[in-house]
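Numbering (numbering that gives the first Met the number 0), first residue to last: 0 to 579.
No residue lacks a Cβ here, since even glycine has one placed at the ideal position from N, Cα and C.
Note that the coordinates shown come from a computational prediction; the quantities given were computed from them, not determined experimentally.
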Amino acid sequence: MADPFGTFEQQLHSALATVAPALGVHGALPITEVPPERTGHLAVPCFVLAKPLKVRPEEAALRLQAALETAASESRIELPGSLSTAGGFLNLTLEPARLAASVLEAVQDEGARYGHWPSSGTTVLLEHTSANPTGPFHVGRARNPILGDTLARVLRAAGDIVEVHYWVNDVGKQVVILSWGVEHMARLTPSAAEREKPDHQLVTYYQQANAAMETDPTVAAAVDARLRALESGDRSAREAVASGVREMLVGMQQTLRDLDVTIDVWDYESSLISDGSTKAVVEGLSSSPHAGVEEGAHFLDLAALGLGGKERFYFTRGDGTSLYTTRDVAYHRAKARKADRLINILGEDHKQQAAELAAALKVLDVPTLPESVFYSFVALPEGRMSTRSGRVVFIDDLIEESVKRAEAEVRARRPELSPEEWAKISRHVGIGALRYNLVRVKAAKNITFSWEEALSFDGDSAPFLQYSHARCAAILRKAAGAPAASSVQQFSTLTDQREQALLWTIGRFPSLVRQCATTLEVHHLPSYLNLVATECNRFYEHCPVLGAPQQAARLSLVAATKQTLGNGLRLLGIEPLEQM
RNA sequence: GGACGCGUGGCCUAACGGUAGGGCUCCGGUCUCCUAAGCCGGUGGUUGGGGGUUCGAAUCCCCCCGCGUCCGCCA
């Protein structure tokens with residue numbers, strides 16, 4: 000496992016630890032990267048040193064520098080570069096050849112594994128998306144599958160053993176309405192849907208059934224009757240509902256495939272009723288000292304459990320039947336038995352519910368509580384998306400439009416390519432652009448949808464990264480197997496500021512991956528890769544490779560850059576392209 | 001009304017408590033040379049407002065304002 004950044008950081012850490020006692024410093028000094036200006040690679044703030052030493056921060060930095068340099072000259076520590084001070088900071092600038100060798104050897108050794116950590120042994124059950132099977136995915140909640148799928152990839156890279164689950168809501172009123180609509184409306188009118196996909200076909204029946212229910216009491220009665228039949232275990236009701244859900248999921252799964260989102264396991268809510276686990280939850284919660292009953296309905300006293308806001312968490316109706324929340328508790332209790340860690344990707348509308356769920360799980364002494372990643376909705380300028388009001392943008396439409404625009408670009412730029420190549424490139428560019436745009440912003444941030452932004456192909460975008468990757472590929476193709484650098488002496492020719500900047504950035508990839516996994520924040524990844532691509536383009540512009548005296552070393556750098564961009568893009572679920 | 005989250009140049013956005021970086025737009029350069037979806041330069045900021053903690057606050061605490069979400073024996 001190679002981690003150039005971590006290795007250099009460790010060296011500096013241990014050097015500081017060796018020298019600290021002589022300076023009268025107790026705890027370890029913090030180390031921070033220095034992004035702006037070219038003051039160095041690693042910085043040590045010396046402000047905390049100033050007080051005990053009774054000197055100004057600048058002076059403290061100078062003393063620390065002197066102590067380190069003395070120790071280095073006496074071979075008590077090893078410094079991988081040179082020291083300088085600026086303000087109250089002590090800066091370490093890595094020795095260029097050392098940086099180049101460390102980074103390039105790491106990438107050469109690990110290839111497609113660069114940035115991936117050894118197994119942690121931790122099993123993670125990651126649940127995401129879990130949208131109700133009542134209609135096509137719309138953009139409002141589109142961050143869910145993208146965040147979830149990206150996080151799954153990142154956690155795996157960080158060494159976790161991840162299983163991705165989707166919880167299908169196949170009980171309750173909504174799916175009953177769907178099944179009723181499919182049976183009764185489909186016969187009457189042809190679907191108004193523009194797409195052949197089953198989810199688009201079926202949602203029209205669902206909408207018609209909803210409308211019919213409002214105007215026709217007999218429809219509402221029929222739906223209620225079926226709901227009761229379903230809950231009492233009636234076989235034909237169950238089959239009718241299951242068939243509607245099945246067909247709807249066929250269409251929804253196609254969209255996930257289009258986005259390159261992978262679900263490992265499909266869990267069905269109905270199974271939690273049939274296997275008795277929901278009933279067990281009711282019994283378990285009822286016996287809690289915090290449980291109460293009112294008119295037959297059971298609840299937990301949330302205030303007594305230390306939760307503000309809502310007073311009661313109901314887990315049965317007055318007639319004793321279970322609620323969605325009850326099944327949610329049963330589901331998480333079951334999941335907790337299957338993994339060391341549970342992670343859920345949830346819309347911000349689930350925040351309160353997640354807290355109540357956790358409280359209920361604690362009452363049941365479930366040892367593993369779910370960790371939640373909340374995201375804000377993608378709204379339209381005129382407000383929140385809603386399928387019923389027709390104020391929606393479907394993900395399928397967004398994909399189609401994005402790929403279409405990408406194809407227009409590719410055809411214009413690369414008229415010599417074949418139609419097959421056009422199709423392949425535009426598909427990966429179009430879908431990549433969408434995925435990128437949905438993960439580049441911190442999950443908690445509100446997003447207002449705009450076609451212009453969603454379909455941006457330049458600047459901070461997937462095509463920008465893919466383009467840099469393709470440029471690297473072009474150079475390597477033309478080099479046609481010319482030897483790459485392998486000796487430190489060759490690496491030492493990479494002294495240009497763009498080369499050094501690129502090397503340093505590439506060397507931070509493994510630690511960046513781990514940071515994303517630790518914080519469960521994937522937006523750092525696009526931000527980082529954008530920096531790699533930017534520095535790659537600067538290098539490309541100012542440092543000719545083919546035919547240059549330092550060709551071998553530069554080829555190594557190009558290969559390492561391509562590898563890092565490619566590995567990073569794959570973590571984002573975006574296809575790295577050899578040409579575009 | 002209460003709870004949780006968000007508020008960074010015209011627009012979008014990043015930043016373990018450590019010198020506010022990017023992108024889009026706009027203006028000016030740049031393809032006989034490895035792909036110009038690029039590169040180089042420029043305009044534009046008292047990080048919603050006010051207090052506090054700290055050597056140091058976009059970041060932590062308090063108050064206010066604006067936006068989002070939730071507050072069902074629905075899912």
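Bridge partners - A14, DSSP secondary structure assignment: A14 pairs with nothing; no bridge assigned.
What is the rounded straight-line gap between the Cα of N566 and the Cα of A484? Rounded to the nearest whole angstrom, the CA to CA distance from N566 to A484 is 21 Å.
Could you please give the first and the last residue of the uninterrupted beta strand (DSSP E) stretch that includes G291? Taken as a continuous stretch (DSSP letters only), the beta strand (DSSP E) holding G291 covers A290 to E293.
Compute the Euclidean distance between the alpha carbons of Q499 and L78, then round it to the nearest angstrom. Whole-angstrom Cα-Cα distance: 18 Å.
Applying the 10 Å Cβ sphere with the 16-neighbour rule, what's the burial state of G389? Of the residues assessed, G389 falls on the exposed side of the cut-off, its CB having fewer than 16 other CB atoms within 10 angstroms.
With DSSP as the reference, label I342 as helix, strand or coil. It is a strand residue.
Report the rounded CA-to-CA distance for A210 versus A338, giving the unit in angstroms. If you take the alpha carbons of A210 and A338, they lie about 43 Å apart.
Leaving out five residues before and five after S83 in sequence, what residues of the same chain have Cβ atoms less than 6 Å from its Cβ? Close CB contacts of S83 within its chain, under the 6 Å cut and outside five residues either way in sequence, are with N90 (chain order).
Just list the alpha helix (DSSP H) runs in the stretch 52 to 129, keeping only unbroken ones of 4 residues or longer that don't cross its boundaries, in chain order. Here the runs fully enclosed are 56 to 72 and 95 to 109.
Classify F373 as helix, strand or coil using the three-state DSSP reduction. Shown here, F373 sits in a strand according to DSSP, grouped into three states.
What are the boundary residues of the alpha helix (DSSP H) that includes H137? For H137, no alpha helix (DSSP H) run applies, since DSSP gives it neither H nor E.
Pair within 8 Å by beta-carbon distance, V402 and R426: Yes, these two residues count as a Cβ contact at 8 Å.
Using only the alpha-carbon positions, how far apart do F46 and A1 sit? Each residue's CA atom was taken as its position, placing F46 and A1 some 32 Å apart.
Have a look at L229 and V170 and give me their C-alpha separation to the nearest angstrom. In this model, L229 and V170 are separated by some 8 Å (Cα to Cα).
Any heavy atom of the ligand MG closer than 7 Å to the CB of H164? Annotation note on the ligand MG: not contained in the displayed structure, which lists no ligands.
Have a look at D495 and P525 and give me their C-alpha separation to the nearest angstrom. Each residue's alpha carbon lies about 26 Å from the other.
Tell me the DSSP secondary structure of V202 in three-state form. Looking at V202 - three-state DSSP - the assignment turns out to be helix.
Spatially closest choice to V222 from A192, E246, G180 and Q253, by CA coordinates: Comparing Cα positions, the closest option is G180.
Please identify the residue among S417, W166, L511 and D108 whose C-alpha is closest to the C-alpha of E126. Residue W166 holds the alpha-carbon nearest to the alpha-carbon of E126 among S417, W166, L511 and D108.
For the alpha helix (DSSP H) that D223 lies in, which residues bound it at each end? Note, D223: alpha helix (DSSP H), P216 to E230.
Less than 8 Å between the CB atoms is what I'm expecting for K441 and E520, so what's the real figure, rounded? That pair is a contact at about 7 Å.
Given that a residue counts as buried once 16 or more other Cβ atoms are within 10 Å of its Cβ, and exposed if not, what is P51? By the beta-carbon neighbour count (other beta carbons within 10 angstroms, threshold 16), P51 is exposed.
Sheet register partners of R311 (DSSP bridge): Partner residues in the beta bridge of R311, as assigned by DSSP, are D300.
Per DSSP, what are the beta-bridge partners of I262 in this structure? None, per the DSSP bridge assignment.
Might you give, ordered along the chain, the residues of its own chain that have their beta carbon closer than 7 Å to the beta carbon of A354, omitting 5 neighbours on each side? Around A354: L306.
Going by CA-CA distance only, name the one from S231, K172, G232 and D300 that's closest to V244. For the set S231, K172, G232 and D300, the Cα lying nearest the Cα of V244 is the one of K172.
Decide if V264 is buried, meaning its Cβ has at least 16 other Cβ atoms within 10 Å, or exposed. When all chains shown are included, V264 counts as exposed.
Alpha carbon to alpha carbon, how far is S101 from S455? In this model, S101 and S455 are separated by some 36 Å (Cα to Cα).
Alpha carbon to alpha carbon, how far is D348 from S129? Approximately 14 Å between the Cα atoms of the pair.
In whole angstroms, what separates the C-alpha of T17 from that of E58? Rounded to the nearest angstrom, the two C-alpha atoms are 20 Å apart.
CA-to-CA distance, G120 to D159, given in whole angstroms: Their backbone Cα atoms lie some 6 Å apart in a straight line.
Quick check on the burial criterion: 16 or more other C-beta atoms within 10 angstroms. Buried or exposed for P216? The residue is exposed, with fewer than 16 neighbouring Cβ atoms inside 10 Å.
With distances taken from CA atoms, which of R155, E109, E8 and A432 is nearest A558? Closest option to A558, Cα to Cα, is E109.
Can you check the stretch 481 to 514 for any alpha helix (DSSP H) of at least 4 residues that lies completely inside it and give the ranges in chain order? Runs found: 487 to 490 and 496 to 506.
If we count the other Cβ atoms within 10 Å of its Cβ and call it buried at 16 or more, is H541 buried or exposed? Label assigned to H541: exposed.
Would the stretch 142 to 161 count as touching the stretch 364 to 376 if we require 3 or more Cβ pairs under 8 Å? Yes, the stretch 142 to 161 touches the stretch 364 to 376.
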